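Have a look at the structure below, then the notes.
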Ligand SMILES: Nc1ncnc2c1ncn2[C@@H]1O[C@H](COP(=O)(O)OP(=O)(O)OP(=O)(O)O)[C@@H](O)[C@H]1O
Ligand code: SF4
Ligand SMILES: [Mg+2]
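Residue numbers (the working numbering), protein chains in the order written: chain X, 220 to 365; chain F, 5 to 426.
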């Protein structure tokens, strides 16, 4: 996957940890950009769901993140690089139903342990790198055609 | 005025339009432009909510519903199917049975009530929600303006629309089949006429979203039959109001916001009305914010169909009457449960075809060029005053920037920019 040279659109955003009142803003912005460009609605939907879940994980579990959104002729890529606690056991975190959410978070409707599996299901490629105490980088790639 | 092959049930009467721009501001999909002092509707964007009809101070946006008294010779039998909203237009002392008789007196051969299909539909919706395994929440599909809004502006949410045939269509189908049996007529010799509170339903008849042909043939506005009905009611002998068809919601319940939903068994529902609030809720669904809601009743008109643009009575009076009518005529819905379950399994309520998204055409079919145009539009937008005054004839500065990129209008049309340049 190296069509890096032909980035047609690139935007950056930041997400603040704990900022529930603005949570979802980045995925909303990305979605409306994709809509305006005119991507097929299935592609938009998958990108939006995956981005939203990753953005919420930053809001719930990390301190802050830089988000990069790139469009190349064949792919849409969203990369969320956060600073925060990191994920100790990635394999465990990827399992459906696994969550470390507090009761308070659960009361807000999160913490079903479905976010990461949902990202996996909707992305064509998913790469996660994490270091405990430093942060997590989630790289989501969606094929633009179809 | 109607472009891109989409039928719409209202148009701007150019003679009447003097470019006052009220419509421009109320249109929820930014489908109106005022150019050379006249309003134009962009066919691809219009979802037929009728906000512009109500907003125009000159009455220059006119609905294109059919007129009373146009009886075409190809039909041997004409049946009226009144929206339950009709009953709320008259005093609640007037039993719906009398309104039926009055409809016959003004020229309809038969009248079929939608109330029973409403009850059935409520029960069918319960079964559907109990068995649903896909995405939540489901959204009611009875308001054609909401359905179009979703197809056009929220194409990814199309699969959230309840895939059940709506009560008015079921009633028309049943009426035609019954009359054709009873009278020995071919279905094509029977005309079903909907008495409608809105132009959206006129469109759903002429150009259904989910099938080739509606079971209804025409629609006449409630405001069109209101006068003749009043006269017929005044001239008629009162009939005892007790012997009536039975319905749990008594039909009127459905015409009031939340009426149907309150009979569903789920507690996790929302009832929303008015295009701007509906849009907010759709944004929330799209942004996964309403994941634990199961059902959303959504109507384009504030307060539900009793607020439709082709109604006559003040919505608050109509609303209070729906409660009175409900108290008088409600019956227990549960006794239809077995029958509905059986019909449901036989696909009695299933839509003929699944609803498909109807996304807007992109700025350019080539992604690279489309991105370029979006970028240019944003650049232009940044240079604008962003006060959304609409004096340019586009509904807001962002829409204006897009119109400039599309070559529809010159950037120099912006009067604020011109004033500042001086
Ligand atoms: N960016 C992150 N930083 C630190 N920990 C994370 C991050 N993303 C996920 N995790 C950890 O992985 C677990 C699983 O995440 P996942 O998104 O699958 O579920 P959840 O967020 O707990 O619940 P849901 O997403 O269903 O609301 C989280 O509970 C958390 O412990
Ligand atoms: S809310 Fe009812 S009256 Fe209004 S547009 Fe929708 S269907 Fe028509
Ligand atoms: Mg999560």
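Cβ atoms here follow ideal geometry from the backbone N, Cα and C, with glycine treated the same way.
Note that the structure is predicted; figures quoted are calculated from it, not measured.
- Here residue 199 of chain F is not near residue 260 of chain F, since their CB atoms are 8 Å or more apart.
- Residue environment: residue 233 of chain X is assigned as exposed (fewer than 16 neighbouring CB atoms within 10 Å of its CB, all protein chains considered).
- For a Cβ distance threshold of 8 Å, nothing in chain F lies close to residue 305 of chain X: the least Cβ distance comes to about 25 Å.
- Counting along the chain, residue 404 of chain F sits inside the alpha helix (DSSP H) bounded by residues 401-409.
- Taking a C-beta cut-off of 7 Å against chain X, the contacting residues of the segment 131-162 of chain F are 159, 160, listed in chain order.
- Under the DSSP assignment, residue 203 of chain F falls in the alpha helix (DSSP H) whose first and last residues are 203-210.
- Inter-segment contact for the segment 293-307 of chain F and the segment 83-97 of chain F is absent: fewer than three beta-carbon pairs are separated by less than 8 Å.
- Taking a cut-off of 8 Å for Cβ pairs, the segment 348-361 of chain X and the segment 297-313 of chain X touch, as three or more such pairs fall below it.
- For the alpha helix (DSSP H) assignment, the uninterrupted runs of no fewer than 4 residues enclosed by the segment 258-329 of chain F are, from N- to C-terminal side, 279-290.
- About 12 Å separates the beta carbon of residue 43 of chain F from that of residue 19 of chain F, a gap too long to meet the 8 Å contact definition.
- Within a 10 Å sphere around the beta-carbon of residue 241 of chain X sit fewer than 16 other beta-carbons, which makes this residue exposed.
- At a cut-off of 8 Å between beta carbons, residue 190 of chain F makes no contact with chain X.
- For the options F:397, F:416, F:421, F:178, the alpha carbon positioned closest to that of residue 45 of chain F is the one of F:397.
- In the DSSP assignment, residue 282 of chain X falls within the beta strand (DSSP E) that extends over 281-290.
- Rounded to the nearest angstrom, the gap between the Cα atoms of residue 192 of chain F and residue 27 of chain F is 39 Å.
- One thing to note: residue 56 of chain F has its Cβ within 8 Å of the Cβ of residue 31 of chain F.
- Chain order gives the chain F residues near residue 246 of chain X as 291, where near means a beta carbon separation below 8 Å.
- Taking the beta carbon of residue 372 of chain F as reference, the chain X residues within 8 Å of it are 227, 292, listed in sequence order.
- When secondary structure is reduced to three states using DSSP, residue 367 of chain F falls in the coil class, being assigned neither helix nor strand.
- At least one heavy atom of ligand 2 lies closer than 7 Å to the C-beta of residue 303 of chain F.
- By the Cβ criterion, the segment 168-177 of chain F is in contact with the segment 111-119 of chain F, since at least three pairs of Cβ atoms, one from each stretch, lie closer than 8 Å.
- Chain-order list of chain F residues neighbouring residue 296 of chain X: empty, with the shortest C-beta distance near 14 Å, by a criterion of under 8 Å.
- Residue 78 of chain F sits in coil when the DSSP states are folded into three classes, being neither helix nor strand.
- For residue 336 of chain X, the enclosing alpha helix (DSSP H) starts and ends at 334-341.
- Leaving aside the five residues that flank residue 297 of chain F on each side, the residues in its chain whose CB is nearer than 6 Å to its CB run, in chain order, 141, 272, 274.
- Bounds of the alpha helix (DSSP H) holding residue 181 of chain F are 171-187.
- Along the segment 264-279 of chain F, none of the residues has a CB nearer than 9 Å to a CB of chain X.
- For residue 240 of chain X, none of the residues of chain F pass the 8 Å Cβ criterion, the least Cβ distance being about 12 Å.
- Around residue 276 of chain X, the same chain offers 334 as residues with beta carbons nearer than 7 Å, after the five sequence neighbours per side are excluded.
- Of the candidates F:413, F:235, F:209, F:185, F:235 places its Cα closest to the Cα of residue 110 of chain F.
- DSSP places residue 354 of chain X inside the beta strand (DSSP E), whose first and last residues are 354-362.
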